[in-house]
Structure formats: structure tokens, C-alpha cells
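Remarks on the structure that follows.
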Amino acid sequence: MNPGVLSAGSRGLGLAEQARMVVQPGRPEAATPTPVRAARPQARRGLVARWLDWRFSSWTSPLLVLAMWIAVTQLALAPEQILVPPWQVLVSGWELVQSGELGEHVSVSLVRLVSGFGFGSVAGIAFGLLVGLSPRLDDYTAPTFQVLRQIPSVALIPLFILIFGIGETFKVAIVAKASFFVVALAVHEAVKSLPARYLEVAAVLRFSRLQVIRRVVLPAIVPDTLTGVRIALGRSWMVLVGAELLAAENGLGQMMEMGRQMFRLDVVMVGVVLTGLVGLALDRGFRLLEAYLMRWQRR
Amino acid sequence: MKSLANGAGALLRGLLLPALLLLAWQWASGRGASAAYVFVPLEQLWTGAGQLIADGTLALHVGASLERALTGLVCGALLGVATGTLMAQSRVAERLIGPLYHSIRQVPLLGLVPLIALWAGSGEFAKLLIIGIAAFYPTVLNTFEGMRQVDLRYREVGAMLTLTRGQMFRRVLLPAALPAIITGVTHAQVFAWLACLGGELLFAAAPGIGSLLLVSEQTGRMDVVLLSVLVISLLALALNLGFTRAARLLVRGRSA
Amino acid sequence: MTSVPPYSPQRRLALSAALLPALLSITGVRAAEPLPPALRIAAVSRTGPSGKTLFAGSSALVAEQGWLAAELGKLGVKLEWVPVTTNSVAVQVNEAFANRSIDFAQYGDLPSIIANASGLRTQLVVPGGSMNNTYLVVPANSNARSIKDLKGKKIALHRGRPWEFPFARLLAANGMTQKDVRILNLNPQAGASAVASGSADAFFTLSDAFLLEDKKVGKIIWSSKQAPQDWKMRAELWGDSAFLEKHPQLAQLVATAYVKAHQSVVGANGRENYIRHEVAAGQSRALVEREWEGDATNWNARWAPLFTPELRAHYAAGAAYAQQARLIGRPLDTSRLYAPQFVEQALAQLKLQNLWASR
């Protein structure tokens, strides 16, 4: 399967272009994005087709959902406690921003995420490399790794509190654990699936071990590592919010949990929306980083 | 012969680290009451395990959780395959469903729990719903991309043979997209298990390994807590291996 | 399809059919409210060893007595018990009231205040219950003797739970405010770990405090046993106001059933029977007995289903605290939280007026 096609979605190429790439395998960049309609002279010019061509058609369904939300709350079809009106969510959001609370919660959560994720992914890359390059080490650590990997972070909270005490450390540790395993696994698989040809060429060129690592292995595993790191980022964000729901004095998760306890569904909704937005921003931001770092692949 | 010895050697080597960890654990549990609170002594864990298995508690809870997780997985995956197919076949569907899918996907499932609890209660249905949603996401994505990436040549052949839409789907698209769909279901299983656990921890009381974890935490039975965590991890591992093996069997023989 | 002319006979009939209920309600002729198919009561529960759901508190007794189920059965109404986990009783019950999936709930005082303050309408139907004590636990090797020694220290407390209120009273009684201590908002399991590892200086919770003492990782330096009864956490029977208005006869049956349960609890072997239920639901007998050992409040008095001035003062103070702790936005007028008519009727029916005569 043409690997270029698999990443085409993430490179933001439209589906027409992706289809072209399938037809001409092996030359992903030969596809010039010619509109599909040029190949079909009898194009539909009906309402649906026009809507499909509209640049902002992606906004239609979210807007429709928003409209339904407003309509349901206006008609009071559901009690206020169950379905909070959208403007109430906005108002509460604004109040939280004004009182500085929201900023504090978001920044605290992000700091935890970045530190935990930083530690975890760096350690994960190092471990994945070591274990990928040395089958012996792999034998020693594989079973333990697989079992520890499956332990749900939520269940680890009391244990981590006991080891790390109450405070930022245990939350950072939980995030680190989550990202470590995802990244380590991704790097391990990447190293394992390195084509033997590369290593043979390195042997022919008589590279030292260090040179092999630096000039062959590392560059080759970059794409898969980046994907693994991106997935780890998303997972870590979920794990952090989950941990904050249960055991934190501040942070977005805790804000949502307190909102739930106080039966303030508008606060919970603000938290939900914001968690989603941060997750989205992290994901997109990372994809941009990936695209930038992998630009050499396009040449 | 050599590979058998190698295999045995690998297994032994793999057991070294767990053995060391257990020793470290036992040492930690001897370091005072505070440490023994969480680093429960191994004998206590052993007897606790025996008790759980003997009085059938473990089987009861494990069975309930597995049933819940698999039910939710099946429902979520079927819906996911249906939606992914719809989105692949119809640009209108894709344009409508796609944005909603991508925006809701970003919200951690645990954050949706309060909303689900309000709209669907806290009972069995809510738990199945959250498992279904967790299974839905990866399945949709994989089905969609799988269907979309069916080689255009196959579709042209189908068109040449003037297959009807239904025949095209059954004979060409579905078999070609099957590897991707199966990968999707395998991913979905992982998330479904996590969602099952989360649901048991956050929704109403009912039999399940997550509930066992919660109850034992509340009654201070730290040995049962640790055993539950271990059982959860082992089950996750078993499910994962099971599905990956099954996936490989089903996809064997197809050129990627 | 040809369009129907505006005022055809069919249209007129349809319009009148639509207007009839409105006309009836205007003229006061109300069709009798049909009975609901089921009456749902939420109560704390745990999964027992054989997978059965076992309830805690007086709900277990009501379920066991079977009288309520039988009476409701005669009217064609099914009695449904809705289990809620101890961990998140308040949120599950409030959410269930909000989406109309329960009619009654046996749960705490502070969550009921929060519910009513947010616009839900529930009322107290049968007061009285086992009343939980609260405990202040410190690490086993700590030197703190009382709350005053914990000034400026970190105390683990799960915010929004009912025992936040007794904690506030404890602080106030010692001339302290929440600003004098650092509150760590941790759920009970995390709080227990925190105090066991010494990373929190104290932990305020219910009888799970005994578990820490038994494991020798904590010691209880204060309990509400000797404090005024007011300070204990109350968990009582609340009902959805709309339901109480629409089906007073069903509400009466529920109230009578719970009063009967209270009666049996303070009667012969009542306490023993109650302990048996708690143990069956998963609590350890030793724990349950320690909870009541040395307690100043007498057994009878706990279960008195009376709307005394002390009860009203308790809720008024609770509402004031909730507002001051910013748990609720608007002040709550607690006087409309009570529906004493059902208990009064029940006591008269069962001829129990003197059992709990006010002191």
C-alpha cells in the first residue's frame, strides 16, 4: 500500500487528490490537484453540488447542531438543568475568564501536560531505541512492559499519591506514564520495521554503532516517531483530564468535577468545550510541526 | 531445536524483571505501616486472590465487565462501520458528519460523562453508550479511509462489469476495505475496554471489575484493589492479543 | 395531493380535539391524573458477593419489609429501587431528579440544598436516619492534637460532599476559617493515600477513617460523636415536588413505609437488625459498631422523623454555609423545603405520635 496515501489525510490533501494518488502509485507528488469535475463534462450543478463546492460547507452541521440546541432551550423542551442554553454557557465562560479562574485552570493543566509529556516522550524515545536495537534487552523487558502498559492510569492514582505525595508530582507522573508507553511502543515498532537494506548499506560503509544510530536509524524512524508522539499527546491530555476529575485542587478536570458537584452544568459545558478546543489545538499544532519537520520528504 | 531453546531463553529472560520487581515490592512492604498500606505484602495478595477466585466474586465481576465491554464494542463498531461506509459513499454525508466527528473526538470521553449521565441516566444504558462511543470513533475513521482507498482500478473494473451499487459494495468495496476495518475494530477494542472501566468507576453500582476496584478502595481492602488492577491489565492484554491474532488470521492472504 | 380547505369539517374536528384539554383545564375540570407505571426510589447501594444489589440504610429495611411494594402493587404501580454508588451519590441523584428518572431519593443534606438552589424542586418527606459521624484523621506519627494545631496545614477534604458542612462548623467552633487551612480537594481514596503517606497533614471524612487507624497509618484526633446532633451528616428521604403534588396518595404510602422502617429500627432488636443489613451490604461489623460507640446522640433520637425546629435550623445554616462557600449562587429560602404532611399522616395512621415525642 502506498504509504503516501495513508498520510495524505493528515497532510490535509482533499479526497480527490488522494484518489489520484492511488491511481498513480509510487509517485505521490506527481498528482497535481486538478478538480475531479474536469474529467466529467456532465457535472451536476444542482443545489447539493453547489453546496459541496462551497468553501464553508464544513461549518454546516456544527451550525445546525447549534441551532437545534438554541431551539430546544428556547422551547424549554428540556429542563434547564439538563440542557443549558448556549448563551448561558458563554456567559458563564466569560465570567470564569473575567475572574481569572479559567485562565488559571487552563494554564495549570497545560503546565502539567507539557512537563509530564516532555519527560514521558523523551524517556519513551530513549527506551524504544534501546529496546529496538538490542533484542536481548527486549527479551528482558517485554513482558513487564506489556503488562505495565495496560494498567489504567485512573487506577494508579492512589499508588502514585503514596509514592510521590500530593502535589504536582504525581499528576505529572501519571501523564508521563501514559506518554512513555505510547511513544516507547511507537519507536520500538519503527526501529523493528527498519528495512534491512539500510542496515546493510551502513555495514558496507563500515559505520560504527554510534554512526549507524545517528545517521541511519534516527532519521529513518522520525515519521513514525512523530506520529506516535502526536497520539501520545492526545492520550496524555485525556489521561490528565481524567486524573484531575478525581484528585486535584485545580485544573480543567477539577473545574468540571466541581461544576458537576455544584450542579452547574454550564460550568461543565465550558470545561467540555475548552477541553475539546485545547485538544484540537494541540493536535493541529503538532501536525503543523510534523509537516515542517518532514518537509524533506517532499523533495 | 535452536529456536526452541531461544524461545525458552527469551521467556526466562522476560521473567527476570518481574521477579526482581516482586522482590522489591516485598522489601517495600516491610518498611513500615505507611508503606504496607499500598505495598501490600505478597502473602496477603496471594490469600486475597485465592479468596476472590474461590467464592466466585472474581468470575462474576470479570464476566459482567467482559459482557458489557463486548456488547458496547459490537454496537459501537457496527454503527461505526455503517457510518464510515456512508461517509465514504456520499460526499454529502461526509461533509455533514465529518466536522461533527472531528470536533467531538477531541473531547476526552471522561469529560462527556456528566452530560451522558444527565441525558441517559447512570445505569447500564449509559455505560453501554459510553463504550459504544469509544468504539465508534476509531471504527468510523478506519472504515472511511479503507473504503476511500480502495484502488480506483477495482472500482473501474466493477463499473465495467456494470455491477449495481449493492453488488459493488458487497463484492468490491467491502472485501478491499476489510483489512482497514479490522484494524479499526482492534483499536476500538482497546478504547472500549478503557471506557468500560471508566463507566464502571463513574456510573451507578453494578457488577463489574471496575466496581470491584471502587468498592475495595472504599472498604480499604488494598489487596483487592491491587488484584483488581492486575486483573484489569491482564484482561486488557488478553483482549488485545486475542483481537490482534484474530485480525491477522482474517487478513492473512490479502495483499495490503 | 389536493390541499384541504381551511375550515373543512376535518380541520374543525381536529382543532376542537386539540383545544378540549385546554378548555377543560380553564374550567377546572381536570381529568384524574393517571398513576405512573412505576415509583422510583434512589438509594445508596453496593454489589454484594453474589452479584445482588444491596442497599444501605433504611431503604434496605423498607425493601425487606415488602409492605410498600405490596401496597403499590395493589394500585398497579411497580416499586423500583435505583442504585447509586457511594462515591457520587450527590451527582447521580441530582442528575436523576433533573432528568425525571427518579421520584424519591435517600441522600444527603448539602446536595439537596445544592439541587434546590439550582432550580430543581425537591422536598424533605421523611427526616431521620442513621446519621453519619465525621472524623478528623492525621498521619500516625503526627503531633497534632486538635484542629487548632492544623492551622496553615494541608487538610484533605472532598469539596461538594455533605461532610464539608460539619467541617466548616468544626472550624468555626475553633475560631478558624477556611483561610486558616489549606484544603486539598481529593476524593476519599486519594485523601486516604495522602494522609497515609504523610503528604497531607490531615484528612476529614466519614467512618472510612477507621480503616486508616486499623492499618496504623493514621489516628483520629476528633470525631463528631460528642458534638451536637446538629453536626452529624444527615441522609434523609427527599421527593420530587411535582410528584408529591400530582400523586399525594403514593407519596403517603412511601412516607408511611419509611416511618414503619424507622419504627422497627428503634424497636426490639432493631439496632441489631440494622447492623446485619449494613454488614450484608459490605460494611464490616466492627466498623459499624465503632461508628456508634461512645456517641452522645441516642439511637431513638436519630431516627425521629420529626420536623423539629433544630432540623429547620440545620438546613438554614447549611444553606447559609453553601452560599458563603460559593457552592450555590443564589441564597436559598429553606422554609419551602419541607413536606411534613406525609409524616404527620403516617404517625397518626400508625398511632406512633408518642414514640418520638419531642423532648
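Protein chains in written order, with the working numbering: chain A, 1 to 299; chain B, 1001 to 1256; chain C, 2001 to 2359.
Note that CB positions come from ideal geometry on N, CA and C, so glycine has one too.
Note that the coordinates shown come from a computational prediction; the quantities given were computed from them, not determined experimentally.
Boundaries (first-last residue) of the beta strand (DSSP E) holding residue i
i	result
Trp2238/C	Ala2235 to Asp2240
Tyr2107/C	Phe2104 to Gly2108
Gly2218/C	Gly2218 to Ser2223
Lys1127/B	Here Lys1127/B belongs to no beta strand (DSSP E); instead the alpha helix (DSSP H) covers Glu1124 to Arg1148.
Phe2055/C	Thr2053 to Phe2055
Neighbourhood of residue i by C-beta distance below 6 Å, restricted to the same chain and skipping five residues each side
i	result
Ile82/A	none
Asp2295/C	Lys2225
Lys2246/C	Glu2033
Thr275/A	Val241 and Leu252
Thr1162/B	none
Leu1212/B	His1061 and Ser1228
For residue i, the first and last residue of its enclosing alpha helix (DSSP H)
i	result
Leu265/A	Leu265 to Leu293
Lys192/A	Glu168 to Lys192
Trp87/A	Pro86 to Gln98
Ile161/A	Ser153 to Phe164
Ile213/A	Per DSSP, Ile213/A belongs to no alpha helix (DSSP H) and is neither H nor E.
Trp51/A	Leu47 to Asp53
Thr227/A	Leu218 to Leu246
Gln2323/C	Pro2309 to Gln2324
Arg2290/C	Arg2285 to Trp2292
Asn1240/B	Met1222 to Val1251
Thr1057/B	Thr1057 to Gln1089
Ser58/A	Per DSSP, Ser58/A belongs to no alpha helix (DSSP H) and is neither H nor E.
Pairwise C-alpha distance: residue j and residue i
i	j	result
Ser309/A	Gly251/A	Chain A is shown only over 1 to 299; residue 309/A falls outside these bounds and no answer can be derived.
Leu1012/B	Pro135/A	14 Å
Leu2092/C	Asn2116/C	Per the sequence shown, the amino acid found at residue 2092/C is Gln instead of Leu. Taking the straight line joining both Cα atoms gives about 15 Å.
Gly1007/B	Gly1014/B	10 Å
Trp2081/C	Ala2042/C	6 Å
Ile174/A	Ser121/A	13 Å
Gln74/A	Phe2243/C	25 Å
Pro223/A	Ala1010/B	30 Å
Gly2329/C	Pro2188/C	26 Å
Gly132/A	Val187/A	8 Å
Gly1184/B	Val2125/C	52 Å
Pro1099/B	Val1113/B	22 Å
Leu110/A	Ser1103/B	20 Å
Phe2204/C	Ile2155/C	7 Å
Met262/A	Gly2119/C	12 Å
Thr1020/B	Gln1026/B	Note that residue 1020/B is Leu in the sequence shown, not Thr. Roughly 10 Å between the two C-alpha positions.
Ile1097/B	Arg1155/B	24 Å
7 Å Cβ shell around residue i - same chain, five flanking residues per side excluded
i	result
Leu1226/B	Val1040 and Leu1045
Ile2221/C	Leu2136, Val2138, Ala2144, Arg2145 and Ser2146
Leu2068/C	Val2062, Leu2079, Leu2253, Val2254 and Ala2257
Ala220/A	Leu194 and Tyr198
Ser92/A	Asp266, Val267 and Val270
Phe164/A	Phe170 and Ala173
Residue burial classification, residue i (beta-carbon count within 10 angstroms, cutoff 16)
i	result
Ala1036/B	buried
Trp87/A	exposed
Gly1030/B	exposed
Ala39/A	Note that Ala39/A has pLDDT 44, beneath the 50 cutoff, so the model's placement of it is unreliable and no number is given.
Gln2349/C	exposed
Val2062/C	buried
Gln211/A	exposed
Leu282/A	buried
Glu1043/B	exposed
Asp2240/C	buried
Arg1170/B	exposed
Val1157/B	exposed
Close Cβ partners of residue i (< 8 Å) along its chain, the five nearest in sequence each way excluded
i	result
Glu2095/C	none
Gln2106/C	Ile2041, Ala2042, Ala2043, Val2044, Gly2057, Ser2058, Ser2059, Gly2129, Ala2235, Glu2236, Leu2237 and Trp2238
Arg260/A	Val268
Proximity test, residue i beta-carbon vs the ligand GTP heavy atom, cut-off 7 Å
i	result
Gly1132/B	What this structure holds is no ligand at all, so the ligand GTP is not there to describe.
### Task
Output the residue ranges of the alpha helix (DSSP H) runs that lie fully inside the segment 2081 to 2168 of chain C and measure 4 residues or longer, sorted by chain position.
As summarised for the segment 2081 to 2168 of chain C, the continuous alpha helix (DSSP H) elements at least 4 residues long and confined to that stretch are 2089 to 2098 and 2109 to 2117, given in chain order.
### Task
Starting from the N-terminal side, write out each stretch of the beta strand (DSSP E) that is 3 residues or longer and does not extend beyond the segment 2183 to 2217 of chain C.
Fully enclosed beta strand (DSSP E) runs of 3 or longer: 2202 to 2205.
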